[in-house]
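Chain order of the listed sequences is F, X, G and B.
Take any residue in the first sequence, count from 1 to its spot, add 45: that is its number in the numbering used here.
Take any residue in the second sequence, count from 1 to its spot, add 164: that is its number in the numbering used here.
Take any residue in the third sequence, count from 1 to its spot, add 246: that is its number in the numbering used here.
Take any residue in the fourth sequence, count from 1 to its spot, add 5: that is its number in the numbering used here.
Glycine included, each C-beta is placed from N, C-alpha and C at the ideal position.
All of these numbers come straight from a predicted model, not from anything done at the bench.
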Amino acid sequence: MMINDKNSQKIVDIIQNYARKHSLWILAYGTGCGAIEIPPTMTSRYDAERLGVRGAATPRQADVLLITGYLTTKTLKRVIRVYEQMQDPKYVIGFGSCTINGGMYWDSYNTIKALDRYLPVDVFINGCMPRPEAVLAGFAKLQELIQAGKADGARKYKENLEWYRANQKKVIPNWRMPEYNW
Amino acid sequence: MQEILQYTWGALVSFVVAFTVGITYMGLNRKITARVQNRIGPPWYQNFFDVLKLGSKETSIHHGVMQHMGPAFIMVTAVMSLLIIPILNDNRFFPNLNFHGDLVFLLYIMVFGPLGMALGAGQTGNPNSAIGVTRGLSQMVGFEIPWVMALVALMIQYKTTSIVDLMNLQAETGRWLMFTSPFAFLAAVLAMLGMFRYAPFDIVGAPQELASGPMSENGGKYLFVMMSAGSVFAFAKLTLYVDLFMGGANNLIILVVKTFILYLIPMLYGIVSPRYRTEQAIRYFWGWPSLFGLLAILQAVFL
Amino acid sequence: MREKATTLYIGPQHPGITGNMMVRVKVEGDTIVKATTEVGYLHRSFEKLIEKRNWLQSFTLLCRFCVPEPDPVEESYARAVELLEGREVPERAKYIRVLVLELARIASYLLWYGGQSASLGLYTIGQWSVGDRNYILDLFEELTGGRVYHMYIWPGGVRRDLPKGFENKVLKTMDYLEKRLDDYDDLMFDNTIFRKRTQGVGIIDKEKAVEWGVVGPPLRGCGIRSDIRIDDPYEVYNKLDFVVPVEEGGDIWARALVRRQEIRQSIRIIRQVLDNIPAGKYYNKIPNPQKWALPKGDAYTRTEAVRGEVGMYVVSDGGTHPRRAHFRGAAYVHAITLLENLLVGENISDIAAIMNSLGTCPPEIER
Amino acid sequence: MEEIKSTIIQRIKTHFSDATEKEYPYNRVDFSVKKETIPAILFYLKDEMGFKHLSHISCIDWLEENEFEVVFIVWSPTDKIKVFVHTRVDRENPVMDNVDMIWRQANTYEREMREMFGIQFTGLEAPEEFLLEDWEGPPPMRRDFDTEAYATNTYWERPGREDAKDIRETIEKRSGEILPDFAKKYTR
């Protein structure tokens, strides 16, 4: 059959990746203070819609989960839930220094310090707060990765689920969530 | 046999044309909205990417059979209306299934989609979906009144229930029905605002309230089917309006021009409007549009 | 027949919520019978962290208290520190502070324009006003080096003098904004649907407003003239000529009208500031911040932000670190007890609009 | 202003014998009372003297003195004056009277104090959790809670930020990204 042919699968992948790359729907979830630079990014001066970036209202429809800044443990629980409700292929962008190394909340008792221990991050954008230009550059980088087929955070998450779960459960003391719900 | 093949071929071609034009219109909508909003906006073909991406997404949720059927119902509605509505005056390239009474049948079939969506959304168990569907159905009750009134007025005035007859009538007299029965046209156009579910009548899936309402549990392929069906249905509705009121079209270019002009009405109105609440929307439709509908019927009966 | 109540979760992941918080509403049909606010998604323990920072280091945390308008927080804290120490501020610095505060007010109101209209489904205004807000952020960037977080108002004055030619740039931006504001009026306040959606929705009782802790534009929307810039004047507001707008009604429409007028008053204040700004020092040097100890005591300062009264209660135990810096945000009252009260009996369609009109800002509640 | 202030002090002192006042410049008057007097004095301030607006409730942990200090700040819109009411609560057994029947919004402040300092308010009706979720440690705003140690123990920290080293060279080595000259110019 043609369909099972490896080369035709490659062609399908290229087409699919091209479409995915140009249509990134970000979930409307302002998890942290970085959410303040999202409206300027989406509106007239920076206009992320040129790149095919637009908002999606629910996790089921979204492709990109933008973690805008620090995550408190209370939010982390919701973010994990939201991430698992999203449908493949899905990408995570860590936004701001706080997602990389805790930023200025390094000694806070309520915020995590490295996002990629708990969720697979495809692209990090540094800065506090990252400027809209940096956000756009982050999206461009994500597009590059998607086109090259390297934005495979979701696969990594599935393969190393136990490791991620162990980390998540370490910081979320009372785990009242379905174990696996996507 | 020849005939069946021709019909099948015609249906396929109509579908492809409707899909392409419908998606392009949605892309143009986004582009024009962006221009009004001081932005460059996405390219006009952006929605093709979106549809392709949605189609290529994986689905790993299951809420029950009806959830899968919901989008299918909408698609079926869209395709069925497309099959019934004549695309061009000359039926050679786009043969369709017209028959006497298809206008009445259309009235029925156009309600079928939202009902299917209601069933599908109900199955997902998301309260947002349920509330969205309730709102959608109540709003439908609103705009169906002027819409039905307008069509009934046409049926009475020209004593026919066939779309092709109405088109032929316009072709013979050379006068568009929007001029000979202006009230019916007004009522129908105002009802169209509700049919398209753009602002101010987009409370059904209002993201700020219901997180996109009936679609909130439907991502990926479901949304792909819904979006395609929506664009096909949009094209079908616009074509119906052109057929009924604007003298149909002799070729595709004229059709596209005419439908796009009609499409501009809900689009531009939507850009500058906040949304009505459900009861406000119903009150709106039962106000002026229904009055126009009533006038149209009076005109049809007494003139 | 009594309908069964459904519970709806507005948030934390919801496009209609203003930031990261949750409102749990019980609805019967479309009417809300009970609303409960749940916060804590943004709790970063600022006040704990400030105890570990010295007096100057605290500023990096302070501006993150409320992201849309960080300057009033810095202002409150700086003023509290000055009160504790008895430090004088040069006249020029006071004017520059007013300039920055009013610019921040305008920027925040422009964001509010977007939020309020988008909550009702009118996205075009938001695109315009948030786009225009960038011009103010540009000014901030030139003045302070940061678009969003400024850390500009410091104890003893401000961190930098005005750059060369800055006044002209501000005036130009103000002229441009004044023109644009008329466009917003055409699309927003002249819009029948906007009027229908906002009039008579989310009414705050005038008699109870002060007791309920309503402050800022929502209080002025009830017909009560109350503004800290006038009642408890700080910096040079008592030397400036401006009007505190008041509207009757107490609904979203009245609050929107108040804000509409206030943004124009802010432009007026900025023009006056630029006319009257004296030359001279902009900063009284503080000692080495590592060794800078403040005398024992406490101070409470209040500043009028767009959301209303924000305050900072600072306690010093005579050391180099604050003993306690407790922030009072307007949203702390607005988004919890007031919102829970207001939402009862309203339509679920109006939740987002009411929240926006109250100016709820979750980071300010949780800190 | 001075007249108003002295009237306020006089009225409060005649009504509440345990109130000790402290005068401040500008529009500020401070009173210190016993914790049992708090509801009465707040009621009096609000209903009789026009201090309608509750501006702030704060709490300070004086670990050395083994006491919590609770401060109520009220504002009179007519007199344009603010009154601070201080009280001290024993740190070992922190119980206070609930005042949310005077101002509804006090409920929120009390919830936060209960969670952050562990002060119990008799008769406070509110959900147990406010800002924290499933918190198991001691009330975090108490002085003896060490947030840095807690954070280090609980949350994984990416190596490399223990000191404030210049990381630009590391970036250059790791990813082969070529740094522009102007970036090299600014060194610590």
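**OP:** Using a Cβ-Cβ cut-off of 8 angstroms, state whether ALA251/G counts as contacting chain X.
**Re:** By this cut-off, ALA251/G is not an interface position.
Original post:
Under a three-way DSSP split, which group does ASP102/B fall into?
Top reply: Three-state result, ASP102/B: strand.
Subject >> Member of VAL389/X, GLY383/X and THR403/X whose CA lies at the smallest distance from the CA of LYS135/F >> reply: When each option's Cα is compared against that of LYS135/F, the closest is GLY383/X.
Original post:
Straight-line CA distance for THR103/F to GLU381/X?
Top reply: Roughly 8 angstroms between the two C-alpha positions.
Subject >> Backbone CA spacing between LYS221/X and LYS385/X [nearest angstrom] >> reply: Those two C-alpha atoms are separated by around 6 angstroms.
Original post:
Nearest chain G C-beta to GLY451/X closer than 8 angstroms, yes or no?
Top reply: No, its Cβ sits nowhere closer than 8 angstroms to a Cβ of chain G.
Original post:
What residues from chain G crowd round LEU137/B, counting only those whose CB sits closer than 9 angstroms?
Top reply: Within chain G, the residues near LEU137/B are GLY286 and HIS289.
**OP:** Could you list which residues in chain G have their beta carbon closer than 7 angstroms to that of ALA102/F, in chain order?
**Re:** In chain order: PRO261.
Original post:
What residue range is occupied by the uninterrupted alpha helix (DSSP H) comprising GLN15/B?
Top reply: 7 to 20 is the extent of the alpha helix (DSSP H) around GLN15/B.
Original post:
Thinking C-beta only, is TRP374/G closer than 8 angstroms to TYR323/G?
Top reply: Result no, Cβ atoms of TYR323/G and TRP374/G do not sit closer than 8 angstroms.
Original post:
Taking a cut of 8 angstroms between CB atoms, which residues from the stretch 300 to 327 of chain G lie near chain F?
Top reply: Going along the stretch 300 to 327 of chain G in chain order, one finds THR306, LEU307, ARG310, VAL313 and PRO314 with a Cβ nearer than 8 angstroms to chain F.
Original post:
ILE374/G versus chain X: which residues are under 9 angstroms apart at the beta carbon?
Top reply: Checking the sequence, you will find Trp at residue 374/G rather than Ile. Chain X residues near TRP374/G: GLN201 and ASN202.
**OP:** Report back the beta-carbon spacing between ALA400/X and ALA175/X to the nearest angstrom; my notes put them in contact at under 8 angstroms.
**Re:** So it is not a contact: roughly 12 angstroms between Cβ atoms.
Original post:
Where GLY183/F and VAL177/X are concerned, what is the direct C-alpha to C-alpha distance, given to the nearest angstrom?
Top reply: Going by the C-alpha atoms only, they are around 41 angstroms apart.
**OP:** Would you mind telling me which residues of chain X sit closer than 7 angstroms to THR370/G, beta carbon to beta carbon, in chain order?
**Re:** Those within 7 angstroms of THR370/G in chain X are VAL200, GLN201, ILE435 and VAL436.
**OP:** Assign GLU97/B to one of two classes, buried (16 or more other C-beta atoms within 10 Å of its C-beta) or exposed (fewer than that).
**Re:** Classified as exposed, GLU97/B has fewer than 16 neighbouring CB atoms from the shown chains inside 10 Å of its CB.
**OP:** Below 8 angstroms CB to CB, which residues in the same chain sit around MET247/G once its five sequence neighbours on both sides are set aside?
**Re:** Bear in mind that a pLDDT of 40 at MET247/G, under 50, signals an unreliable position, so the model cannot answer this.
Subject >> Contact set for VAL168/F: own chain, Cβ-Cβ below 6 angstroms, skip 5 residues either direction >> reply: For VAL168/F, where only same-chain residues beyond five positions count, the Cβ hits under 6 angstroms are ILE138, GLY183, LYS186 and LEU187.
**OP:** Within its chain, find whatever has a CB closer than 7 angstroms to the CB of THR306/G; leave out the 5 residues flanking it on each side and keep chain order.
**Re:** If we look at THR306/G and ignore the five residues flanking it on each side, its Cβ neighbours are MET397.
Original post:
Can you find a CB in chain G that lies within less than 8 angstroms of the CB of MET359/X?
Top reply: It does not: the Cβ of MET359/X has no partner Cβ on chain G nearer than 8 angstroms.
Original post:
Using a C-beta cutoff of 8 angstroms, does GLU82/F count as contacting chain G?
Top reply: Closer than 8 angstroms: yes.
Subject >> Residues from the stretch 138 to 153 of chain B in contact with chain G, defined by Cβ distance under 9 angstroms >> reply: Cβ contacts with chain G: GLU138, PRO145, MET146, ARG148, PHE150, THR152 and GLU153.
Original post:
Straight-line CA distance for HIS91/B to GLY469/G?
Top reply: Using only the alpha carbons, I get a separation of about 33 angstroms.
**OP:** Have a look at the DSSP bridge pairing and note the partners of HIS58/B.
**Re:** Among the bridge pairs identified by DSSP, HIS58/B is matched with TRP80/B.
Subject >> Members of the stretch 107 to 127 of chain F that neighbour chain G once the beta carbon cut-off is set at 8 angstroms >> reply: So the list reads TYR115, THR117, LYS119, THR120, ARG123 and VAL127, given in the order they occur along the chain.
Original post:
Does the separation of the CB atoms of VAL560/G and ALA326/G fall below 8 angstroms?
Top reply: Yes, they are a contact pair.
Subject >> Within chain G, partners of THR19/B - CB distance below 8 angstroms >> reply: Taking a Cβ-Cβ cut-off of 8 angstroms, THR19/B has no neighbours in chain G, whose nearest Cβ is about 25 angstroms from it.
Original post:
Counting along the chain, where does the beta strand (DSSP E) carrying GLU204/F start and finish?
Top reply: Run containing GLU204/F: none in the beta strand (DSSP E); it sits in the alpha helix (DSSP H), 198 to 204.
**OP:** Give me the Cβ distance between PHE140/F and LEU121/F, rounded to the nearest whole Å; I'm assuming they're in contact under 8 angstroms.
**Re:** So it is not a contact: roughly 15 angstroms between Cβ atoms.
**OP:** Provide the residue span of the alpha helix (DSSP H) that contains VAL556/G, from first to last.
**Re:** Segment 554 to 562 is the beta strand (DSSP E) holding VAL556/G; no alpha helix (DSSP H) there.
Subject >> PHE409/X, buried or exposed, once every other Cβ within 10 Å from all chains shown has been counted against 16 >> reply: With 16 or more other Cβ atoms within 10 Å, it is buried.
Original post:
On the three-state DSSP scale, how would you describe GLU115/B?
Top reply: Of the three classes helix, strand and coil, the one that applies to GLU115/B here is helix, per DSSP.
Original post:
Going along chain F in order, which residues have a C-beta closer than 7 angstroms to the C-beta of THR159/B?
Top reply: From the beta-carbon of THR159/B, the residues of chain F found nearer than 7 angstroms are VAL216.
Original post:
By DSSP, does ILE249/X sit in helix, in strand, or in coil?
Top reply: Here ILE249/X sits in coil by DSSP.
**OP:** Kindly list the residues whose CB is nearer than 6 angstroms to the CB of VAL166/F, restricted to its own chain and excluding five residues on each side of it in sequence; keep chain order.
**Re:** The beta carbon of VAL166/F sits closer than 6 angstroms to the beta carbons of VAL137, GLY139 and LEU160 from its chain, once the five residues preceding and following it are set aside; these are given in chain order.
Original post:
With respect to the beta strand (DSSP E) encompassing PHE573/G, which residues constitute its N-terminal and C-terminal limits?
Top reply: Bounds of the beta strand (DSSP E) holding PHE573/G are 570 to 574.
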